[in-house]
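Asker: Provided herewith is a single structure, encoded as structure tokens, for subsequent inquiry.
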Amino acid sequence: MPTAEGTPRIPATRKEEGLWLLERLVPGEGVNNVPGVALRVAGRLDRAVLQEAVAQLVRRYDALRTVFHADDTRLTKSVRTSFPIRLEGSESTDVDSALRELITRPFTLDGSPLLRVGLFHGPEHDSIGVAVHHLVFDGTSMSIFLEELAAAYDAVLAGDLPDAGPPVPLWPESEPKPESLAFWREHLRDFDSGGPGLWCGGQESAQPTLRGEQLVRPFSAAAKDVVTALQKELKAPDVVVLLAAYYLLLHAHGAGPDLAVGFPVNVRSQQAQRAIGYHVNIVPLRVRIDPAETFRAFSRRVRDLFFEAIAHADVPMDVLLPEVERAGSSWRTTMFRHVFNYLPFGGRAATSLGGAPAEVVEVDPGHSKFDLEFVILPSAEESRVKAVYGAEVLDRGEVELLLERYDALLVAAASAPDRPLRELDGWGATDHAVLDAAGEPAGTDTVLTAIARQITGNPGAPAIVTDESTTSYRDLWRAAAAVTTRLADAGTGPGDVVAVTAPRGPAFAAAILGSWLAGATVTTSPSAAKIVLGAEEISYAVTVAVDPGAAAVSPDSQALPGVTHRELADSVRPVPVASRPVLWLSASVPELLLALTNGVPLVVAPDAARTDGHLLAGLLTRHDIGVVHATPLVWARVAEQLGEAVGGRTALIGAEPAPGPLVRTLRALGADVHTVFSAGGRWVLTDGVPAAGLDAYVVAPDGRRLPLGVRGELRLGTATGVLAHWRTDGSLHVHGFLDRQLTFGGTRVDLATVEDALTTHTDVVAAAVTLRPGAEDLVAVVQAPDKPRLAAELARHAEAVLPPRARPAWYLRVDALPETAAHEVDRAAVAELAATAGPPPAAPAEAASDATTSAVVAMFAELLKCADVTPDTNFFASGGHSLLAAQLVQRIQKRTGIRLKLSAAFAHPTPAALAELIAGSTR
């Protein structure tokens, strides 16, 4: 029986609980506010009339008087007998901001109304804003409400009282039919919801916010025409053609080949088409994509699936969640991350109020529950596609390119519906304009001819500077000529390989130049050489005449294994040098050539300068160094001690991707920072720009060239094992080696990004992160001071800056990271250290009690229906999902009195981790 307040409270449905879970995940964010609308009226509206019109609708529709009560353990609902909806708003000079505040303000589930209406009088027009919670509304409801509101306003204005129209009770959705449940169980059998994500976009944020943005693009005339043509040719409605193209767009960007896309379906019966409420089920349309299949055949498969799914749409997604295999501890590991929606008539039609025309304007609520949703807005005048995207995952530029490619893909499919899917050109005009443009042509110079010009112009200028001596360009060339003579005497000439093992200095430079003058290829590996040149084989007591003409070697002959003289010269050309000396900090051939081809001194630094920032700072100042090249490991080690000494100089970071915090530190000190990437002993990328004459591609695993912003393997003639993507300016962003890109349950983890995040902690000088052997746990080896509770501090820091799957489970402190002879992080040694990782020591007062751990283990076992739960069992990898996670935190609160956020279950997915969190909350 109804109470004085209305009907008795009853439990919410599972679908309604699903929305409540999102509220708990990001509380106070208004994430379930329906995408709001405003009616912009060309005239002045009567506030009292509008107030009465709203009151009429609230009295008529039970759904508008439905309220929800959420406590710590459950969600209930009831229908109030009546309550007033106070009309908000007033005069405003900034109506758009006022509307946004009205529509994005969160609702509270405490029995308060879930509808807000505001009237704002602007300088040129009046605007009515409507904000509603998804628990009582959907898109169809909004259309019905606006139509009814306009009619009620006109009726009240005309004095037509009392209320018009019969009362509309809540429309109860029926329980899922057995045949529908059977259909979806079969459809989702063996489906892995943790499949690969898109190859574009960034890493998840540390704490979910569901922040979203929108972007609308009209279909090109060509795309609109071909959709109409494909409808007829394929005997499929336009929604199917557009959906098929959306699948292919996602697949081309890394999703699949077995992927599911959510499709919202209005489940109102024929008799309930005017019902207001939350009557949409998002069904998971799963397809498998075969690149050899034609678009015609694929579209027909999508058509058949579409109609079958619509016939069985009475099953809410939240009922299906337990049916799907789940992995990982990310809240995003749902059945789908991508949604496709279709709104006939382009959304909501215009209307009028009081005889004045009213334009329907959508107000972006600023949230997205999915990574990407395409909403098709067809109309006779201009069909559009609206992209709603998670701003934590994708940025506006990436989405603009996706929309452009979607349009191009439709046109390509229509032009060749019987061509294999793999052959369809899914690139947009921007992709072609940037990536099809011819690169800088290869030069005609060699490093020898460039150095010879310096000798001719200024032979007495200093070439190599050490603490003991200075070698001029003339003397260096004479020594190189003597090496050439020595090699000739030993029967070594063009095509032979010479190994140079001399230390950095004049002897090393002379040996390399002399070998090239002899036509030989230089290496540092004695095992591959015909002759080895150490310091003792090179003499400066020579009187060989200086003959710059001897530098005329073939530009296409090999200078280094696999690298021609022309390529070597092109590799150092883009680096800015000006007229100041270059510091020679490591045994790198490019540093040598950078100085000598530009006619500036090369100052040899002692080995100790790679670890002693004060010593390095003195060298920079004393010799007025202009350019310094070092690996990220070396820069990180010395940056703090360098201070302002690096200011005004060019800092080259090479070998590995430059960590963001390191770049920011050097720039803050005044350095002009550039990045170089090496392959085969030469710099192939400078600030991401390929060297002249170099064919660079980013490719998918199947060898397809990838467009702008899409991650793939970098190919520089051959495979590099490096992950990169093209920027819109035609340069490359290098992420790092492919083996340092991990995927856990559909969540991409870039180990370099994890290292960058850890180095933002004030105590961490450098970090190396790897997988713990035989497990899916990350181990962080950090160079940091030896201080108590460092591991605990780093764990808290990681929780604040990294998503759950990217947070290391173990921390090992070292005085210095292990490094190779080339002064890069020794990854093999890091892996050996990781194998020794064990539980970090913790003070007894900080540790979770055995009783708490045992209690959480028991909760896991009961919820997961699993008997072999241990303190290290991962809730989500063992079949848990968001609904069960909500029950878990509820039981923890009931047992311990500690109230945890739902996100805590994702961030701490094991009994041991949760018990530790509970212990910390009681201190």
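Letter by letter, the sequence shown follows residues 152 to 1074 of our numbering. For every residue, glycine included, the Cβ atom is placed at its ideal position computed from N, Cα and C.
1. What separation, rounded to the nearest whole angstrom, lies between the Cα atoms of D914 and A935?
2. Quick check on the burial criterion: 16 or more other C-beta atoms within 10 angstroms. Buried or exposed for A671?
3. State buried or exposed for F659, treating a residue as buried only when at least 16 other CB atoms are found within 10 Å of its CB.
4. Does DSSP classify T694 as helix, strand or coil?
5. Do you know whose CA, among E950, R964 and P415, lies nearest A1064's CA?
6. My output table needs one value for Q358: the three-state DSSP class, helix, strand or coil.
7. Quick one, which of I1069, D389, R761 and P610 has its alpha-carbon nearest A1006's?
8. Return the CA-CA distance between H489 and G863, expressed in angstroms with no decimal places.
9. Determine the closest residue to P415 out of T894, L867 and I527, with distance taken between C-alpha atoms.
10. Which residues bound the alpha helix (DSSP H) around V740?
11. Pick from G594, A601 and I689: whose alpha carbon is nearest that of R629?
12. Leaving out five residues on either side along the sequence, give the residues of the same chain with a beta carbon under 6 Å from the beta carbon of V230.
13. Beta-carbon within less than 7 Å of A686's beta-carbon, same chain only, minus the 5 sequence neighbours each way: which residues are those?
14. Below 8 Å, how does it come out for the stretch 857–871 and the stretch 749–758: are there three or more Cβ pairs, yes or no?
15. Grab me the residues of E997's own chain with a C-beta within less than 6 Å of its C-beta, minus the 5 sequence neighbours each way, in chain order.
16. Using the Cα positions of L711 and G1031, report the straight-line distance between them to the nearest angstrom.
17. Would you tell me roughly how many angstroms separate the C-alpha atoms of V976 and A830, rounded to the nearest one?
18. List the whole-angstrom C-beta distance separating H463 from W335, where the pair is believed to meet the contact cut-off of C-beta under 8 Å.
19. Is DSSP giving H402 helix, strand or coil here?
20. Could you check which residue in L1014, L793 and L909 has the C-alpha nearest to that of R964?
21. Straight-line CA distance for A1018 to A1009?
22. Curious, which full-length alpha helix (DSSP H) runs of at least 4 residues does the stretch 926–972 contain?
23. In this structure, how does DSSP classify Y493 when only helix, strand and coil are distinguished?
24. Please go through the same chain and pick out, in chain order, the residues whose beta-carbon is closer than 8 Å to the beta-carbon of I161, but skip the five residues on each side of it.
25. Can you round the beta-carbon distance between L385 and R451 to whole angstroms, since I take them to be within the 8 Å contact cut?
26. Between the stretch 777–785 and the stretch 733–748, do at least 3 Cβ pairs fall closer than 8 Å?
27. Can you give me the start and stop residues for the alpha helix (DSSP H) that Q792 sits inside?
28. Taking the alpha helix (DSSP H) that D277 belongs to, which residues open and close that run?
29. Could you tell me which whole beta strand (DSSP E) segments of length 3 or greater appear in the stretch 239–293?
30. Pick from A589, L554, S566 and R570: whose alpha carbon is nearest that of G579?
31. Do you know offhand how far P810's Cα is from P725's?
32. For a minimum of 4 consecutive residues, which ranges assigned as the alpha helix (DSSP H) are wholly contained in the stretch 548–576?
33. Quick one: grab the DSSP three-state call for S1054.
34. Helix, strand or coil for Q1038, going by three-state DSSP, please let me know.
35. Give the DSSP-derived three-state secondary structure of H912 in the structure shown.
36. Can you list the beta strand (DSSP E) stretches of 3 or more residues lying completely in the stretch 361–424, in chain order?
Answerer: The relevant details are as follows:
1. Counted from its first residue, the sequence shown places residue 914 at position 763. Counted from its first residue, the sequence shown places residue 935 at position 784. Going by the C-alpha atoms only, they are around 6 Å apart.
2. As a working mapping, residue 671 is identified with position 520 in the sequence shown. Burial call: buried.
3. Stepping through the sequence shown from its first residue, residue 659 is reached at position 508. So F659 ends up on the buried side.
4. By 1-based counting over the sequence shown, the position of residue 694 is 543. Here T694 scores only 46 on pLDDT, less than 50, and its place in the model is too uncertain to base an answer on.
5. Here the question's residue 1064 lines up with position 913 in the sequence shown. Closest by alpha carbon: E950.
6. If you number the sequence shown from 1, residue 358 lands on position 207. Q358: coil per DSSP, three-state reduction.
7. As a first step, residue 1006 is located in the sequence shown; it is residue number 855 there, counting from the start. A1006 has its Cα closest to that of I1069, out of I1069, D389, R761 and P610.
8. Here residue 489 refers to the residue found at position 338 of the sequence shown. Here residue 863 refers to the residue found at position 712 of the sequence shown. The C-alpha of H489 lies about 21 Å from the C-alpha of G863.
9. Here residue 415 is taken as the residue at index 264 of the sequence shown, counted from 1. Nearest to P415 by C-alpha distance, out of T894, L867 and I527, is I527.
10. Taking the sequence shown and counting its residues from 1, one reaches residue 740 at position 589. Unbroken alpha helix (DSSP H) run through V740: V740 to N749.
11. Walking along the sequence shown from the start, residue 629 turns up at place 478. With distances taken between Cα atoms, R629 lies closest to I689.
12. Mapped onto the sequence shown, residue 230 falls at position 79. The beta carbon of V230 sits closer than 6 Å to those of G157, T158, D213, R216 and T217, all from its chain and outside the five residues before and after it, given in chain order.
13. Against the sequence shown, residue 686 aligns to sequence position 535. Excluding positions up to five away in sequence, the list reads A653, P654 and A658.
14. Contact between the stretch 857–871 and the stretch 749–758 is absent, because fewer than three Cβ pairs lie under 8 Å.
15. For the purposes of this step, residue 997 is taken as the residue at position 846 of the sequence shown. Reliability fails at E997, whose pLDDT of 38 lies under 50, so the model's placement of it is uncertain and the value that follows must be treated cautiously. Here the set comprises nothing.
16. Indexing the sequence shown from 1 puts residue 711 at position 560. Indexing the sequence shown from 1 puts residue 1031 at position 880. Distance between the alpha carbons of L711 and G1031 is about 55 Å.
17. The sequence position of residue 976 within the sequence shown is 825, counting from 1. The sequence position of residue 830 within the sequence shown is 679, counting from 1. Their backbone Cα atoms lie some 17 Å apart in a straight line.
18. Here residue 463 is taken as the residue at index 312 of the sequence shown, counted from 1. Here residue 335 is taken as the residue at index 184 of the sequence shown, counted from 1. H463 to W335, Cβ: 7 Å. Contact.
19. Indexing the sequence shown from 1 puts residue 402 at position 251. DSSP, reduced to helix, strand and coil, places H402 within a helical segment of the structure shown.
20. Counting from one through the sequence shown, the residue named residue 964 turns up at place 813. Ranking the options by Cα distance to R964, first place goes to L909.
21. The residue given as residue 1018 occupies position 867 in the sequence shown. The residue given as residue 1009 occupies position 858 in the sequence shown. Taking the straight line joining both Cα atoms gives about 9 Å.
22. Entirely contained in the stretch 926–972, the alpha helix (DSSP H) runs reaching 4 residues are, in chain order, 941–952.
23. Counting from 1 along the sequence shown, the entry for residue 493 is found at position 342. Here Y493 sits in strand by DSSP.
24. Residue numbering aside, residue 161 sits at position 10 when the sequence shown is read from its first letter. Only T227, K228 and S229 meet the Cβ criterion.
25. In the sequence shown, the residue the question calls residue 385 occupies position 234. In the sequence shown, the residue the question calls residue 451 occupies position 300. 7 Å between Cβ atoms; contact.
26. As far as the Cβ criterion goes, the stretch 777–785 touches the stretch 733–748, which means the pair count is three or higher.
27. Stepping through the sequence shown from its first residue, residue 792 is reached at position 641. Its alpha helix (DSSP H) spans residues P783 to L793.
28. Mapped onto the sequence shown, residue 277 falls at position 126. D277 -> not in any alpha helix (DSSP H); beta strand (DSSP E) instead, spanning D277 to V283.
29. Listed in chain order, the beta strand (DSSP E) elements of length 3 or more contained wholly in the stretch 239–293 are 266–272 and 277–283.
30. The residue given as residue 579 occupies position 428 in the sequence shown. For G579, the nearest C-alpha among the options comes from L554.
31. Along the sequence shown, one-based indexing puts residue 810 at 659. Along the sequence shown, one-based indexing puts residue 725 at 574. When rounded, the separation of the alpha-carbon atoms in P810 and P725 is 22 Å.
32. Listed in chain order, there is nothing to give.
33. Position 903 of the sequence shown, counting from 1, holds the residue named residue 1054. S1054 carries a helical assignment under DSSP once its states are collapsed to helix, strand and coil.
34. Here residue 1038 refers to the residue found at position 887 when the sequence shown is read from its first residue. Of the three classes helix, strand and coil, the one that applies to Q1038 here is helix, per DSSP.
35. Counting from one through the sequence shown, the residue named residue 912 turns up at place 761. Secondary structure of H912 (DSSP, three-state): coil.
36. Entirely contained in the stretch 361–424, the beta strand (DSSP E) runs reaching 3 residues are, in chain order, 363–369 and 409–417.
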